[in-house]
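Just so we're aligned, residue 1 is where the sequence shown starts under full-length UniProt numbering, counting upward by one.
Heads up, the beta-carbon is just placed ideally off N, CA and C, and yes, glycines get one too.
Here's the structure, in structure tokens; my notes come after.
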Amino acid sequence: MSRKRLAHERLRHCAFSHEEDACLKLNIDQLDTNAWNKVADNMKRRSARQCKERYYVLTRRIESSRTWTKEEDLLLYNKCIEFGPKWHLLEAFFVDRNSQSLKNRWYKLQSKAEYDSLMTFATEEKKKQQEIEFWQTLEYDQDLDPTELLTGDRGQIYPVMTSHEYDAIW
Numbered sequence: 001m002s003r004k005r006l007a008h009e010r011l012r013h014c015a016f017s018h019e020e021d022a023c024l025k026l027n028i029d030q031l032d033t034n035a036w037n038k039v040a041d042n043m044k045r046r047s048a049r050q051c052k053e054r055y056y057v058l059t060r061r062i063e064s065s066r067t068w069t070k071e072e073d074l075l076l077y078n079k080c081i082e083f084g085p086k087w088h089l090l091e092a093f094f095v096d097r098n099s100q101s102l103k104n105r106w107y108k109l110q111s112k113a114e115y116d117s118l119m120t121f122a123t124e125e126k127k128k129q130q131e132i133e134f135w136q137t138l139e140y141d142q143d144l145d146p147t148e149l150l151t152g153d154r155g156q157i158y159p160v161m162t163s164h165e166y167d168a169i170w
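Written out as structure tokens, the structure is:
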């Protein structure tokens, strides 16, 4: 048998055990993440490539285990509408979310309660934006902030103009 074949047979081709994960973390803490050959030498029956891939899987799992924010949910919703459920493409828009966590979150958002609240949030944002654009089309002083003209608690509009000016527009 060739030397390469013997080396290949010594490698394990199965999932990492908890002990191997702990040993991998310890080796990386002691060495460097660029020294994969040295890490693999300290690991029994694992190649440098296997160690590197496992390390990145573990770090991504830790990063993506934090709770989702409303902004991330809205970004996921908007990007799914824009690109469709292409999870690997959508992964580029998120800092520490992998494609699997995006997919899981999307299907969780499809549940009735969370999906309805997200849709309400999105429509409220659109409504505010439309109101701002409407007030910006009217010619006011440049110093006027259009966000001051948004609807009040009961839906009344509080414009900064007289009723005669308002009637002249309509």
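Out of the options, which has the shortest C-alpha to C-alpha gap to residue i?
i      : options                     : result
Leu75  : Asp116, Lys86, Phe93        : Phe93
Cys80  : Arg66, Val95, Ser99         : Ser99
Asn42  : Gln110, Glu72, Arg66, Cys23 : Cys23
Ala15  : Asp32, Ile28, Tyr55, Val39  : Tyr55
Leu109 : Val95, His88, Lys70         : Lys70
Arg46  : Glu19, Glu72, Arg66         : Glu19
Where residue i and residue j are concerned, what is the direct C-alpha to C-alpha distance, given to the nearest angstrom?
i           : j      : result
Leu90       : Leu102 : 8 angstroms
Gln30       : Phe83  : 42 angstroms
Ile132      : Asn78  : 21 angstroms
Arg97       : Lys44  : 31 angstroms
Asp21       : Tyr107 : 30 angstroms
Arg154      : Glu124 : Per-residue confidence for Arg154 stands at a pLDDT of 47, beneath the threshold of 50, marking its modelled position as unreliable; no derived number is given.
Gln50       : Gln130 : 53 angstroms
Leu58       : His88  : 18 angstroms
residue 176 : Lys128 : What the structure shows of the chain is the stretch from 1 to 170, and residue 176 is not part of that stretch, so it cannot be assessed.
Lys25       : Arg66  : 20 angstroms
Lys126      : Pro85  : 23 angstroms
Val95       : Asp73  : 13 angstroms
Excluding five sequence neighbours on each side, which residues of the same chain lie with their C-beta closer than 7 angstroms to the C-beta of residue i?
i     : result
Trp68 : Arg105
Ile28 : Val39, Tyr55
Sorted by chain position, which residues of the same chain lie with C-beta nearer than 6 angstroms to residue i's C-beta, five sequence neighbours on each side aside?
i     : result
Asn37 : Ala48
Ser17 : none
Lys52 : Trp36
Asn34 : none
Over what stretch of residues does the alpha helix (DSSP H) that includes residue i continue unbroken?
i      : result
Gln100 : 99-109
Cys23  : 18-30
Ala40  : 36-42
Glu71  : 70-83
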